[in-house]
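Asker: In the numbering used here, the protein residues as written are 530 to 613.
Submitted below is the structure of interest, expressed as structure tokens.
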Ligand SMILES: [Zn+2]
């Protein structure tokens, strides 16, 4: 039900491109969104991403509660060459 909208995915890809100086045609592939798991933070079932504190799996609404922290962890993973 929830999960990332196309607009949110496009926004993330724009950030990846901006950070790495990629041109706008670069695919900036995201790994497939994780499906139907329970959020470590709010307990709701949704598509989760590993951007919670200490790499916990959280849903998009929980990620937005600490957007700055979520974004920092997102870029940490990117810099480490891990799946994002
Ligand atoms: Zn949540």
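Using N, Cα and C, we set each Cβ at its ideal position, and we do this for glycine too.
Quantities reported herein were computed from a predicted structural model and do not represent experimental measurements.
Taking the alpha carbon of residue 599 as the reference point, which residue from 610, 585 and 567 has its own alpha carbon closest?
Answerer: Translated into positions along the chain shown, residue 599 becomes position 70. The shortest C-alpha separation from residue 599 is found at 585.
Asker: Let me know the secondary structure DSSP gives residue 551 once reduced to three states.
Answerer: In the chain shown, residue 551 corresponds to position 22, counting from 1. In the structure shown, residue 551 sits in coil (DSSP, three-state: anything other than H, G, I, E or B).
Asker: Under 8 Å, do residue 557 and residue 573 count as touching if we go by C-beta distance?
Answerer: Residue mapping note: residue 557 aligns to position 28 of the chain shown, counting from 1. Residue mapping note: residue 573 aligns to position 44 of the chain shown, counting from 1. Contact: no.
Asker: Residue 588 bridges to which residues according to DSSP?
Answerer: Numbered from its first residue, the chain shown carries residue 588 at position 59. In the DSSP output, where bridge partners are listed per residue, residue 588 has 577.
Asker: Check each residue's C-beta against every heavy atom of ligand 1 and list, in chain order, those closer than 6 Å.
Answerer: Those residues, listed in chain order, are 568, 570, 571, 573, 587, 588, 590 and 591.
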